[in-house]
Ligand code: ARG
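Residue numbers (my numbering): 276 to 768.
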């Protein structure tokens, strides 16, 4: 048996069914590049610690570069995972006396955990960039729509007039918190398990800080048993993604409702729409529906991860292999959904007229009318609430006479006697004035909205710089690693 993993301890080979059941090769495509980085850093450190000779180091690195160039397709896919398959290819290329030394002081347990963290941190950084782009799109659209009236809803019933800008910034703020959460998760993902070996570390004098820094990690995971066992960083990251998807699905749901003939607030660009195979007139908001639907996929991944990790004894258990594909599925789905949502928002047509028209339906100005009674006629809010509630049972906007009649019934006094005028009533019932009056921080008044959007756009600039800084830190660490690899192979990486 030439299988470098099984040839010692095991005598029979797994059949096709068993290989299919146990192999992680298909999901391991996500960590092929990362595995080569981990192999490079480990090999360089082994040399620096005098655990392997310079000639071996140089031949291992040359072999790794060749494998990288050949790509994952060249590897033997009958091995149970990428790590052993890659090592086997290295041994083919460099001979066992050299290639067989690379795995000194290492286990696949610390290797795989390190690889997942390397790939996941890159995915998180890209996700954060895409989320910031989505925020920027929402904020830019909002800036164009600070005076675009729309009805605001509670219980999906017309509630109070607001602006489209106010609504879009609400979504952007939610996504902004998702970026914060992703940044937080990143700080715990970017820690290095390498050097923990199977779980009990190793008697080789490894320099864990060195591999940590060559791979661009912030710090090492201090306990070797925890380092190989934990997948809490996956749970945390996917839960960030679940939250993102929930936020996106809420927005998607609104886009779907807004695109209906009943609302007709927006029209998606044709690129984001589909049609019916039987009803030639149909234009369907399928991309939004899929964002809503794929939310279930990500929530499912999270549930799978949680159930997998529950009650696992320390340290490594093969169950953990089932965790990772769930995470990749979540990452791929979430990143896709963020990009598609951004595209939908950037290109959708806004039907400002229809929105403005509907902004007053259902007596949405009632609260402002009650507030005006409180301010101008000096009655308690609860009393004003009752008067306007009775008026709401009538048809159309109430006149001052109708207000006075109801007020006389309830408090035995007309409100015009207490200073309420027709102009005051008319102003309260005007949706534009309604919105303009809501000018405290966080409100929809156009001036306040403009200020709020500008503050956010500026903050977004800082967030983007932070993300770029994290990318640069990783790049410069890898540059050092690649410089050393070049020194021993003569090849640019
Ligand atoms: N494919 C494995 C995984 O994804 C790699 C680690 C295997 N370790 C082991 N002791 N069998 O978890």
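For each residue, glycine too, the CB sits at the ideal point set by N, CA and C.
Distances from the alpha-carbon of residue 296 to those of 587, 353 and 322 put 353 closest. The Cβ neighbour count for residue 560, taken over all protein chains shown within 10 Å, is at least 16; the residue is labelled buried. In this structure, the alpha-carbon of residue 323 lies about 14 Å from that of residue 335. Contact between residue 566 and residue 605 does not hold, since the beta-carbon distance rounds to 14 Å and is not under 8 Å.
The C-beta distance from residue 338 to residue 369 rounds to 4 Å, short enough to meet the 8 Å contact threshold. Contact between the segment 571–589 and the segment 509–526 is present: three or more C-beta pairs spanning the two stretches fall below 8 Å. For residue 306, same chain residues with a beta-carbon under 6 Å away, outside a window of 5 residues either side, are 390 and 394 in chain order.
At a cut-off of 7 Å, the beta-carbon of residue 601 does not count as near the ligand ARG: no heavy atom of the ligand is closer than that. One alpha carbon belongs to residue 726, the other to residue 453, and they sit about 22 Å apart. Contact between the segment 458–472 and the segment 666–676 is absent: fewer than three C-beta pairs spanning the two stretches fall below 8 Å. Burial state of residue 730 is exposed, judged by a 10 Å Cβ sphere holding fewer than 16 other Cβ atoms.
Judged by DSSP secondary structure, residue 580 falls within the alpha helix (DSSP H) whose first and last residues are 561–584. Note on residue 747: under 16 other CB atoms within 10 angstroms of its CB, so exposed under the neighbour-count rule. For residue 591, the distance from the CB to the nearest heavy atom of the ligand ARG is below 7 Å.
Residue state for residue 624 is assigned as strand, using DSSP reduced to three classes. Restricted to the segment 288–331, the alpha helix (DSSP H) segments that are unbroken, complete and at least 4 residues in length are 291–297 and 307–323, listed in chain order. Within the segment 438–492, the runs of alpha helix (DSSP H) that reach at least 4 residues and sit entirely inside it are, in chain order, 439–464 and 483–489. Of the residues assessed, residue 656 falls on the exposed side of the cut-off, its CB having fewer than 16 other CB atoms within 10 angstroms. Along the length of the segment 628–662, whole alpha helix (DSSP H) runs at least 4 residues long occupy 641–652, reported in chain order. By the Cβ criterion, the segment 373–380 is not in contact with the segment 434–447, since fewer than three pairs of Cβ atoms, one from each stretch, lie closer than 8 Å. Annotation for residue 358 indicates a beta carbon within 7 Å of some heavy atom of the ligand ARG. Taking the CA atoms as reference points, residue 545 sits about 39 Å from residue 300. Boundaries of the beta strand (DSSP E) around residue 426: 424–429. In the three-state reduction of the DSSP assignment, residue 435 falls in the strand class, which pools E and B. With a minimum length of 4 residues, the unbroken runs of alpha helix (DSSP H) contained wholly in the segment 368–426 fall at 371–374 and 383–418. It is roughly 38 Å from the alpha-carbon of residue 707 to the alpha-carbon of residue 457. If you check the CB distance, residue 316 and residue 503 do not come in under 8 Å.
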